[in-house]
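Trainee: Top line first, the protein sequences correspond to chains A, B, C, D and E.
Counting from 1, position 153 in the first sequence corresponds to residue 153 in my numbering; the numbering is continuous, with no gaps.
Add 224 to the 1-based position in the second sequence for my numbering, that's all there is to it.
Add 448 to the 1-based position in the third sequence for my numbering, that's all there is to it.
Add 673 to the 1-based position in the fourth sequence for my numbering, that's all there is to it.
Add 907 to the 1-based position in the fifth sequence for my numbering, that's all there is to it.
Before we start, here is the structure in question, set down as structure tokens.
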Amino acid sequence: MSLLSNTGALLGKELRTEFRSRELLTTTIVFILIVIVLFSFTFDPTSDESRRFAPGLLWLAFLFASSLMLQPCFLREQHNDTLSALRLSVSDPFAIFLAKLAANTLFLLLTELLLLPLFAVMYNVPVVPVLHWLVLVFFLASFGISIAGTSLSAISAQARMRELLLPLLMLPLLTPILVASTEVTKSLFDRAPFVQWKGIGFLAVFDVVFLTALWLFGEYLLEE
Amino acid sequence: MSLLSNTGALLGKELRTEFRSRELLTTTIVFILIVIVLFSFTFDPTSDESRRFAPGLLWLAFLFASSLMLQPCFLREQHNDTLSALRLSVSDPFAIFLAKLAANTLFLLLTELLLLPLFAVMYNVPVVPVLHWLVLVFFLASFGISIAGTSLSAISAQARMRELLLPLLMLPLLTPILVASTEVTKSLFDRAPFVQWKGIGFLAVFDVVFLTALWLFGEYLLEE
Amino acid sequence: MWKRAMTGAIVLFLVGAAAYASFFIAPEEKTMHVLQRIFYFHAAAAWAGMTAFSVCFVANLLYVWRRSEKWDSLGVSSAEVGLAFITVVLITGPIWAKPAWGIYWTWDARLTSTFVLWLLYISYLLLRTLIEEPDRRALLSALFGIFSFIDVPIVFGAIRWWRTQHPAPVIMGGPGSGLEPTMRKVFFFSVLALHALMVFLIAERYRLEKLRTDVEVLRREAEAI
Amino acid sequence: MTPPAFSLVGLRFENIDKRYGGLLALRAVSLTIQPGECVVLAGRNGSGKTTLLRIAARLARPSRGTMSFSGQFSGEEAAAIRPGFVAHATMVYDELTAEENLLLFSRLQNVPQPGNRVEALLHEVGLSDRRSSLVRTFSRGMRQRVAIARALLHEPSVLLLDEPATGLDPQGVSWLAEAIRRLRDSGRTILMSLHGESEISSLGTRAIRLDAGSVAADTRTGATFRSILTFADA
Amino acid sequence: MTPPAFSLVGLRFENIDKRYGGLLALRAVSLTIQPGECVVLAGRNGSGKTTLLRIAARLARPSRGTMSFSGQFSGEEAAAIRPGFVAHATMVYDELTAEENLLLFSRLQNVPQPGNRVEALLHEVGLSDRRSSLVRTFSRGMRQRVAIARALLHEPSVLLLDEPATGLDPQGVSWLAEAIRRLRDSGRTILMSLHGESEISSLGTRAIRLDAGSVAADTRTGATFRSILTFADA
Ligand code: HEM
Ligand SMILES: Nc1ncnc2c1ncn2[C@@H]1O[C@H](COP(=O)(O)OP(=O)(O)OP(=O)(O)O)[C@@H](O)[C@H]1O
Ligand SMILES: Nc1ncnc2c1ncn2[C@@H]1O[C@H](COP(=O)(O)OP(=O)(O)OP(=O)(O)O)[C@@H](O)[C@H]1O
Ligand SMILES: [Mg+2]
Ligand SMILES: [Mg+2]
């Protein structure tokens, strides 16, 4: 009960600070586009290659963007020692994670959905028929990324060289998510789209394992 | 005179804070490795493609790493308002930039040189015969990246959303450098290596133009 | 002191015997001949490395639970030893790959996940150097260790879940797979030998770490006076 | 008010050490603070006052020894005690307004009728007309006022104040002294670090001086009380 | 010492406004401070003291009006005047040690024999034995001591102090008062913001009160001087 009400209050705060200026979404999307453009520029793939690489590229750019976006998640709390204030006020520290988790998932999901039409046009893939499956994959992947990113952001905020550390810790840990979601997306973008259950199952298992770990160990991440 | 002595004193400080712990280089190199792994894995290039993409991939990974590394360059000065302290103490504010520029160039150059042997083995390219040319390209590119990165870091430190902003501003601005140095490196890694003067000339011009711009307008970047 | 030297000698003997067995006792494989003999070290080192990471995982859990310095020491020790074994895998693999597949490296799920595993534990050790305060370093790196262990089952499952260039499992691979009986015996013997080596190395590394922390404590106490 | 489950809470520090790397910031500190006491913590810069207060707030773990709340309640109930804490850092969000900050923390601490409570507090600390400015734009004294308001929100049974008068103008100090007096008289336990004598130090019922991490003096009587604050005894 | 090119420097604020978004933090402030004056700046929280000091240090630009140094020197020489500034932020690097920080800033300001000067200052502010600890690990009072040392390094001809006694223990305050007295008596111009009366405010030769961004009172005589600090006149 108090976990839920605390999470609610904190979620409100997270959303307010993140979305106070609506530029955040724009910035993230522009960043992802830049990565995609840079990639095409550097490698100059043939149009066949580029179609083959498209889903992987999308997910990769997305993963990079998240590893940057999630960095300030706990860093922000250090500035005025507000993390201590939260620890003093909240009855279950898991609420702090839950709120950040929800805010980050929401944010990542939104970015993906906004990128989708653009992507569909750029690579000429029909998204409407498989939209519900795409949303499922997006959700599972964003959730997994958020769990890992939120927990690791709590770690990296307390270490030196914070700027590089979160991507460093997060990217290798999330390779499985990258692979699974790329595969599922590929199969959905196929000329004869099909649902790759193995990949979806994998994403779901990954999410559950990480969430359990966070639930079990989250409170230690906040200890001074 | 006082510009030089100020720059010297500041350079000492930059190097001391950056290299106090020698892990900075390790961290950067591991990060670049991770980016390379992620790219290769996601796209699963054939070994022919992978050789073709190698120089681009190296430069792309390197550019990402720099856009993260250069971020704290001015951010660090905001924490205790030390930027104000510097502005109060230094007679020519250009010294502040020069010192940071030198430290960043040095650091980027070092990273590249350390990565070179690894890269040579991984993609099986002979680097020794063209080493002096490679060092030239590395220097020109690192210098260009540092100039842009240092100036943009001064801008992004003052804006909100600092985490994404530097990469966002820096990556598109540096696309020309990325392309030019990729081309030169490709030609040097060719089965029949040759020096692509056009690319080198381009890098040099780019550096000179940016340095002049920084010299002319740098002071305004520091104003409150 | 004597006991340690003896244990060391026994471990060395075991490893030597395993090497002898894999070169002279195990039968020649039909397609790859002598090269196949690298298998006994390649796979056994991988198993030993993954066991070391499992030890690290358990030590990390215990540290978070009990907060005793010894679990932290065991954590680093086993991570370093595991890293050494995985490095052996990453070296023997390409040596074998060149003649077998014609290339040193390819980015399939098994190879990549093994490389990622290696990177993860490098990050684990790197993270430890980036946090100064001992208690916090121990706690945060333990937590990261717990998270990064997720890659171990993935490495194990890579050849079972995905189609890879890397050969499918021959041990515990389900029906239809399996080794010739002598090969099997030699393989398990070298697994045993490398595990003995791993345990020995972890114990030695642990002793070293313990000495280091003891010196640290003494130094602090000297300063406090 | 729901949250301050108990208004009579004491503090017990048992043989506490706190070590930062090679430095011993607290050495074998043992203290018992009775419910309702108003303790002034004095001591030179770096003597360990902040460290002790953070341990009392359970924001830092002692390297040795234990800190506990004492009173007529179970251990579980003790875990629900949330001291009000004014620290060196403001502990509020720069990117939220004063009002949003206070509302957030009242919700987190289940303060009944948060709207009214926040309204009243903002008025008390003199920030009513700046309630919807971001804290980032506040002057030092205004930030300190928000920090104090945050700590008092839930009328805590234990109040930990680390140099609470920092940056306040004379009117602010008088208001703070009045607020502390009121809380002290209603039976709250107060532990505050202060430098020198002031309107606020005169509210103390007990003075403790730390010296290089150990308790060097501890008294409840008026004469020595003054000398502890001004170091006249040392 | 090379850097303090002139020891007799006055400050002239002419009709200064400072606007932050919709808020007018300073309104038409005109002040002339003679060389050698020791001015105490008083005023309620948020009245604009810090803003005025930052403008005096040329770290902020006024939205209207001008700030200039006055004295017997050319405009170019005036640009070389470097006020010593103690602000709310410490203005030193957390990731360097106390000694490294002071050495860096002495080099930047061409202090002759930086080693000796830093050595002496560290001793004066009582940080000799912590000279090689990172500033990050310092307590609040220790940070403030480093900040003051940094401002005094080059014996500046103009000293701008924003609540300089914050966080200092009684001995620290006495030391600071002594240091300010010495600088004042050697002809340095001092402008400092303070809250209330203290050992340090008694050094002032002139008191100015800001009220909502305008100068509300300005005096050099003893009786009104006190009342300006305590707001007894308002
Ligand atoms: C190039 C890099 C390589 C890496 C990183 C690598 C990695 C690994 C790892 C981690 C294992 C142990 C995990 C397990 O047993 O499930 C393993 C086992 C094995 N590897 Fe490799 N390997 C590489 C190349 C090769 C090559 C070229 C061959 C043979 C053509 C090979 C054949 C085997 C075999 C037969 C096993 C035992 C599988 C089993 O029954 O479990 N590996 N390898
Ligand atoms: N995070 C830290 N790392 C290392 N040392 C620390 C840390 N925090 C505090 N210290 C050291 O512990 C000692 C006590 O610090 P503390 O902040 O408790 O002093 P204090 O009594 O509050 O001083 P002040 O009056 O200046 O606020 C000091 O010597 C300080 O340098
Ligand atoms: N960066 C800023 N953005 C917006 N408003 C600001 C900013 N800095 C200061 N202000 C506002 O300007 C006014 C004057 O602030 P200033 O810091 O000068 O006050 P002060 O007299 O120093 O107060 P204190 O005694 O609390 O230190 C305040 O109302 C403050 O809110
Ligand atoms: Mg303190
Ligand atoms: Mg102020």
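Using N, Cα and C, we set each Cβ at its ideal position, and we do this for glycine too.
These numbers come from a predicted model, not from an experiment.
1. Can you grab the Cα-Cα spacing for the pair His1102 (chain E) / Gly840 (chain D), in whole Å?
2. Could you name the residues of the same chain whose beta carbon sits closer than 6 Å to that of Ala730 (chain D), not counting the 5 residues immediately before and after it, in chain order?
3. Mind listing which residues of the region 1000-1012 of chain E have their C-beta closer than 8 Å to chain B's C-betas, in chain order?
4. For the region 152-172 of chain A, which residues have a beta carbon sitting closer than 9 Å to at least one beta carbon of chain B?
5. Could you tell me whether the region 738-747 of chain D touches the region 56-74 of chain A, where touching means 3 or more Cβ pairs closer than 8 Å?
6. Taking C-alpha atoms, which residue in E:Ala1058, E:Leu1041, E:Leu966 lies nearest to Leu1003 (chain E)?
7. Give the straight-line distance between the Cα atoms of Arg823 (chain D) and Asp767 (chain D), rounded to the nearest whole angstrom.
8. Would you mind stating whether Lys925 (chain E) and Leu933 (chain E) have Cβ atoms separated by less than 7 Å?
9. I'd like the span of the alpha helix (DSSP H) that includes Gly550 (chain C), first residue to last.
10. Any heavy atom of ligand 3 closer than 6 Å to the Cβ of Ala949 (chain E)?
11. Mind checking the region 1065-1076 of chain E against chain D and listing, in chain order, the residues whose C-beta falls within less than 8 Å of any C-beta there?
12. Take Thr560 (chain C) and list the residues in its own chain whose beta-carbon comes closer than 6 Å to its own, dropping the five residues that flank it on each side.
13. Between C:Ala494, C:Met631, C:Leu642, which has its C-alpha nearest Val459 (chain C)'s C-alpha?
14. Excluding five sequence neighbours on each side, which residues of the same chain lie with their C-beta closer than 7 Å to the C-beta of Pro677 (chain D)?
15. Quick check on Phe992 (chain E) - is its C-beta less than 7 Å from some C-beta in chain B?
16. Would you say the beta carbon of Thr1004 (chain E) is closer than 6 Å to some non-hydrogen atom of ligand 2?
17. For the region 80-96 of chain A against the region 115-135 of chain A, are there 3 or more C-beta pairs whose distance is under 8 Å?
18. Just checking, does the region 942-961 of chain E make contact with the region 1022-1031 of chain E on the three C-beta pairs under 8 Å criterion?
19. Here's the rule: buried if 16 or more other CB atoms are within 10 angstroms of the residue's CB, otherwise exposed. What is Ala616 (chain C)?
20. Can you grab the Cα-Cα spacing for the pair Val888 (chain D) / Asp1036 (chain E), in whole Å?
21. Tell me whether the beta-carbon of Ala606 (chain C) lies closer than 7 Å to the beta-carbon of Ala557 (chain C).
22. Could you have a look at Phe920 (chain E) and say whether DSSP puts it in helix, strand or coil?
23. Is the shortest distance between the beta-carbon of Arg1148 (chain E) and the beta-carbons of chain B less than 7 Å?
24. Which residue spans inside the region 27-88 of chain A form an unbroken alpha helix (DSSP H) run of at least 4?
25. Enumerate in chain order the residues of its own chain whose CB-to-CB distance from Thr675 (chain D) is below 6 Å, with the five nearest sequence positions on each side excluded.
26. Pull up the distance between the alpha-carbon of Arg790 (chain D) and that of Ser308 (chain B), whole angstroms please.
27. Just the Cα atoms here: how many angstroms apart are Leu656 (chain C) and Met631 (chain C)?
28. Does the beta carbon of Thr560 (chain C) sit closer than 7 Å to a beta carbon anywhere in chain B?
29. Measure the C-alpha to C-alpha separation of Trp1082 (chain E) and Leu1117 (chain E) and round it to an integer number of angstroms.
30. In terms of alpha-carbon separation, which member of B:Thr252, B:Ser226, B:Leu338, B:Leu446 lies closest to Arg1014 (chain E)?
31. Tell me, which residues are paired with Ser914 (chain E) by DSSP?
32. With a Cβ-Cβ cutoff of 7 Å, do Ala1124 (chain E) and Ile1135 (chain E) count as a contact?
33. If the cut-off is 9 Å on Cβ atoms, which residues from the region 53-68 of chain A count as contacting chain C, listed in chain order?
34. For Val713 (chain D), which residues does DSSP report across the bridge?
35. Just to confirm the assignment, what range does the alpha helix (DSSP H) spanning Ser405 (chain B) have?
36. Kindly examine ligand 3 and report whether one of its heavy atoms sits closer than 6 Å to the Cβ of Asp799 (chain D).
Mentor: According to the data block:
1. Taking the straight line joining both Cα atoms gives about 7 Å.
2. Pro756, Phe758, Leu833
3. Look at the region 1000-1012 of chain E: the residues with a C-beta under 8 Å from a C-beta of chain B are Tyr1000, Asp1001, Glu1002, Leu1003, Glu1007, Leu1011, Phe1012.
4. Arg160, Met161, Arg162, Glu163, Leu164, Leu165, Pro167, Leu168, Leu171, Pro172
5. no
6. That would be E:Leu1041, whose Cα lies nearest to the Cα of Leu1003 (chain E).
7. In this structure, the CA atom of Arg823 (chain D) is about 13 Å from the CA atom of Asp767 (chain D).
8. yes
9. No alpha helix (DSSP H) contains Gly550 (chain C), which DSSP labels as neither H nor E.
10. no
11. Sequence-ordered contacts of the region 1065-1076 of chain E with chain D read Glu1070, Thr1073, Gly1074, Leu1075, Asp1076 [C-beta pairs closer than 8 Å].
12. none
13. C:Leu642
14. Only weak support is given to the placement of Pro677 (chain D): the predicted model assigns it a pLDDT of 46, under 50, and the value that follows is read from those uncertain coordinates. The answer, listed in chain order, is His827, Glu828, Pro829, Ser830.
15. yes
16. No heavy atom of ligand 2 is found nearer than 6 Å to the CB of Thr1004 (chain E).
17. no
18. no
19. exposed
20. 22 Å
21. yes
22. Strand.
23. Residue 1148 (chain E) is absent from the structure shown; chain E starts at 908 and stops at 1141.
24. Correct list: 47-69, 72-78.
25. Note that Thr675 (chain D) scores a pLDDT of 44, beneath 50, so its modelled location is shaky; the value from the coordinates is reported in the next line. These residues qualify, in order along the chain: Asn783.
26. 40 Å
27. 37 Å
28. True, the Cβ-Cβ gap to chain B drops below 7 Å.
29. 27 Å
30. B:Ser226
31. Ser914 (chain E) pairs with nothing; no bridge assigned.
32. yes
33. none
34. Partner(s): D:Met865, D:Ala880.
35. 399-412
36. Inspection of the sequence shows that residue 799 (chain D) is occupied by Gly rather than by Asp. Not under cutoff, so the answer is no.
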